[in-house]
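**Student:**
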Amino acid sequence: MNAFSKAFSNATITGCFFHYSQSLWRKVQDLKLTRIVLCNANSNDFFDDDKKRADHWFLAAVGLALILASLVESVWTEAMDAYTPESRDTQEFNDYMMANYVCQESARFTIDIWNVYDNIRNKLPRTHNAVEGYNYRMSSVFPQHLHIYDFIRRL
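Just so we're aligned, residue 16 is where the sequence shown starts under our numbering, counting upward by one.
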């Protein structure tokens, strides 16, 4: 991203809400927390209050991308305090969130990259699906390594 920013200094780099959410879900899976987050409401594996707290905890992490960027750190701190299930692995997830997304001074991905609040306000896409869909459609019309004359004819 740094090289891109240097080459295209006027460009705005934004992340994709889908890929942000997917990265959080993968971390939950890596830490084997799916039993806590995906627990069936009819199951006796987890108490109802604990289930609701775990759901709020994970959904708060996902929802950070949808709120005003200046509120992200305080909202996540409140969500951690109020909803984090009691587990070493959940604390590891919280640490992951802080190190990668939330802590403004040292996060691996700054909030302005993955937060899509401004996109929502400006009626812009939250995901890159439109671009990916466009590329898919173009690749179905234009095969790889197309000769220039064939390209012009297909236009």
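C-beta atoms are modelled at their ideal positions from N, C-alpha and C, and glycine is treated no differently. None of the values given here were measured: they were computed from a predicted structure.
Anyone know if the C-beta pair for residue 28 and residue 128 falls short of 8 Å?
**Tutor:** Their beta carbons are under 8 Å apart, which means residue 28 touches residue 128 by this criterion.
**Student:** Please work out which residues of its chain come closer than 6 Å, Cβ to Cβ, to residue 95, disregarding the five sequence neighbours upstream and downstream, and give them in chain order.
**Tutor:** Around residue 95: 109.
**Student:** Touching or not, the region 69 to 85 and the region 118 to 138, by the rule of three or more beta carbon pairs under 8 Å?
**Tutor:** Yes, since at least three Cβ pairs between the region 69 to 85 and the region 118 to 138 fall closer than 8 Å, the two stretches touch.
**Student:** Going by alpha carbons, who is nearest to residue 100 out of 65, 139, 111?
**Tutor:** The residue with the shortest Cα to Cα distance from residue 100 is 65.
**Student:** What residue range is occupied by the uninterrupted alpha helix (DSSP H) comprising residue 78?
**Tutor:** Counting along the chain, the alpha helix (DSSP H) containing residue 78 begins and ends at 63 to 78.
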